[in-house]
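Asker:
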Amino acid sequence: MKRKIIIDCDPGIDDALAIFMALASKKLEVLGITTVAGNVGIDTVTRNALSLVSIAGFQIPVCRGAAGPFLIKRETGGARIHGENGVGDVLLPQPSFDEDSRSAADFINEMAGKYEGELELVVIGPLTNIAAALGRYPDLSKKIKGLIMMGGAAGFGNVTPAAEFNIYADPHAAAAVFQAGIPIDMYGLDVTNRALITGDEIAALRATGKAIPVICCDMMKTYADFYESVGFSGLALHDPFALACAVDETLVRFKSCHVDIETQGTLTRGKTVVDILGVTGKKPNVRVALELDRERFIQLLSNLLCSYE
Ligand code: RIB
Ligand code: CA
769 MKRKIIIDCD
779 PGIDDALAIF
789 MALASKKLEV
799 LGITTVAGNV
809 GIDTVTRNAL
819 SLVSIAGFQI
829 PVCRGAAGPF
839 LIKRETGGAR
849 IHGENGVGDV
859 LLPQPSFDED
869 SRSAADFINE
879 MAGKYEGELE
889 LVVIGPLTNI
899 AAALGRYPDL
909 SKKIKGLIMM
919 GGAAGFGNVT
929 PAAEFNIYAD
939 PHAAAAVFQA
949 GIPIDMYGLD
959 VTNRALITGD
969 EIAALRATGK
979 AIPVICCDMM
989 KTYADFYESV
999 GFSGLALHDP
1009 FALACAVDET
1019 LVRFKSCHVD
1029 IETQGTLTRG
1039 KTVVDILGVT
1049 GKKPNVRVAL
1059 ELDRERFIQL
1069 LSNLLCSYE
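Numbering (my numbering), first residue to last: 769 to 1077.
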């Protein structure tokens, strides 16, 4: 049985690789894509999603979501890493189809009703759309099987010392989602900062000469500059790693923990407060990924990207 998913994303270079991987996987049925402002603005992420799906040779619903968080101003630093156009300033072809008329929240709710207890949301951007859908449709949380989330960290952050971008960008939405009672598999920086692709592995992808791997390598060039600047020995493939775990959960080891979100802290806004030791006595609500198999991840990434003709 294929896992029925919606990808909620903010493409975004790493989002782009995750979308290509998902569409190529025989274990996933991508019912649609919902977009949210994050790495770049909503118009750009939505156009990028349409172009990426078109390049992959698919036509699935792409539904526009939130242009920013509801309670705070939108973070606009993403272009520094993802380029002004969100995909490493690589010029993508015009989309071959138009965006869907349904909003992200309405599409998520419609699919949750159609596939009650089966639908899983792969959330790899800020959580604004998910919180909006939960707020608009109070019974939605009972219909969604689970969330596969790139976000947060038990350890240090990447936007501030405390917070990871997807949570930091809309901490109020994240708090609502983590408190909604939906099962969450959290792939935070604890594993995604170690889901590195090396220069040699990128060169091997480029050497295939295949269209999709080559486009991914072109997009990763901008990304590489940032990770080099912060001393990483490769590029952290945050969203592709979360997506890879939707295909094969054995890539990680989880620990079930209680996780809540700091929304007020001057220094800690957007921190995922992960109760690793269980000191709060609160019931675990999240499976937190803490260990990974990098080599098998890179193998799966390569197999999926190279499976396109
Ligand atoms: O912190 C990494 C996350 O922030 C990824 O989803 C990346 O695309 C950005 O959205
Ligand atoms: Ca993302």
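Heads up, the beta-carbon is just placed ideally off N, CA and C, and yes, glycines get one too.
Which of helix, strand or coil does DSSP assign to Glu1017?
Answerer: Sequence index remark: in the sequence shown, residue 1017 carries index 249 (1-based). Glu1017 falls in the helix class under three-state DSSP.
Asker: Is the separation between the beta-carbon of Thr803 and that of Ala817 shorter than 8 Å?
Answerer: On the sequence shown, residue 803 is found 35 positions in, with the first residue counted as 1. On the sequence shown, residue 817 is found 49 positions in, with the first residue counted as 1. Yes, these two residues count as a Cβ contact at 8 Å.
Asker: Relative to the C-alpha of Gln1082, which candidate in Ala872, Glu1030, Leu1060 has its C-alpha closest?
Answerer: Lying before the first or after the last residue shown, residue 1082 is absent from the chain, which here runs from 769 to 1077.
Asker: Starting from Asp878, trace the alpha helix (DSSP H) both ways and give me its first and last residue.
Answerer: Walking along the sequence shown from the start, residue 878 turns up at place 110. A quick correction: the sequence has Glu, not Asp, at residue 878. 872 to 882 is the span of the alpha helix (DSSP H), which, as asked, contains Glu878.
Asker: In its own chain, which residues sit with a C-beta less than 7 Å from the C-beta of Ile950, not counting the 5 before and 5 after it?
Answerer: Taking the sequence shown and counting its residues from 1, one reaches residue 950 at position 182. Around Ile950: Ser909, Ile912, Gly914, Leu915.
Asker: So the beta strand (DSSP E) Arg1055 belongs to, where does it begin and stop?
Answerer: As a working mapping, residue 1055 is identified with position 287 in the sequence shown. Looking at the DSSP string, the run of the beta strand (DSSP E) that includes Arg1055 is 1054 to 1060.
Asker: Near ligand 1, which residues have their beta-carbon less than 6 Å from any of its heavy atoms, given in chain order?
Answerer: Asp778, Gly780, Asp782, Asp783, Gly806, Asn807, Ile892, Gly893, Met918, Asn926, Glu932, Phe933, Asn934, His1006, Asp1007
Asker: Specify, as a first and last residue, the run of the alpha helix (DSSP H) that Glu867 falls within.
Answerer: As a first step, residue 867 is located in the sequence shown; it is residue number 99 there, counting from the start. Premise fails: Glu867 is in no alpha helix (DSSP H) and is neither H nor E.
Asker: Taking just the CA atoms, how far does Ala873 sit from Val1041?
Answerer: Stepping through the sequence shown from its first residue, residue 1041 is reached at position 273. Stepping through the sequence shown from its first residue, residue 873 is reached at position 105. Going from the Cα of Val1041 to the Cα of Ala873 covers about 27 Å.
Asker: Just verifying my parser: in three-state terms, what is the DSSP assignment at Ala922?
Answerer: Locating residue 922 in the sequence shown gives position 154, where the first residue counts as 1. Coil at Ala922, not helix or strand.
Asker: Can you give me the start and stop residues for the beta strand (DSSP E) that Thr976 sits inside?
Answerer: Counted from its first residue, the sequence shown places residue 976 at position 208. Premise fails: Thr976 is in no beta strand (DSSP E) and is neither H nor E.
Asker: Taking buried to mean at least 16 other C-beta atoms within 10 Å of its own C-beta, is Thr812 buried or exposed?
Answerer: As a first step, residue 812 is located in the sequence shown; it is residue number 44 there, counting from the start. With 16 or more other Cβ atoms from the protein chains shown falling within 10 Å of its own Cβ, Thr812 counts as buried.
Asker: Along the chain, where does the beta strand (DSSP E) containing Asp782 start, and where does it finish?
Answerer: In the sequence shown, counting from the first residue as 1, residue 782 sits at position 14. Premise fails: Asp782 lies in the alpha helix (DSSP H), 781 to 792, not in any beta strand (DSSP E).
Asker: Can we say the segment 1045 to 1052 touches the segment 1021 to 1029, given the rule of at least three CB pairs closer than 8 Å?
Answerer: yes
Asker: Contact check, Ile965 vs Gly1002 under 8 Å by CB: the rounded distance?
Answerer: Position 197 of the sequence shown holds residue 965. Position 234 of the sequence shown holds residue 1002. That belief holds up - the Cβ atoms of Ile965 and Gly1002 are roughly 5 Å apart, short of 8 Å.
Asker: DSSP three-state label for Asp857, please.
Answerer: As a working note, residue 857 is residue 89 in the sequence shown. Coil at Asp857, not helix or strand.
Asker: For the alpha helix (DSSP H) that contains Leu903, what are its first and last residues?
Answerer: As a working mapping, residue 903 is identified with position 135 in the sequence shown. This sequence places Gly at residue 903; Leu is not what is there. 896 to 904 is the span of the alpha helix (DSSP H), which, as asked, contains Gly903.
Asker: Asp776 lies in the beta strand (DSSP E); which residues open and close that run?
Answerer: Counted from its first residue, the sequence shown places residue 776 at position 8. For Asp776, the uninterrupted beta strand (DSSP E) run begins and ends at 771 to 777, by DSSP.
Asker: Tell me the rounded alpha-carbon separation between Ser1070 and Arg1064.
Answerer: Here residue 1070 refers to the residue found at position 302 when the sequence shown is read from its first residue. Here residue 1064 refers to the residue found at position 296 when the sequence shown is read from its first residue. Using only the alpha carbons, I get a separation of about 10 Å.
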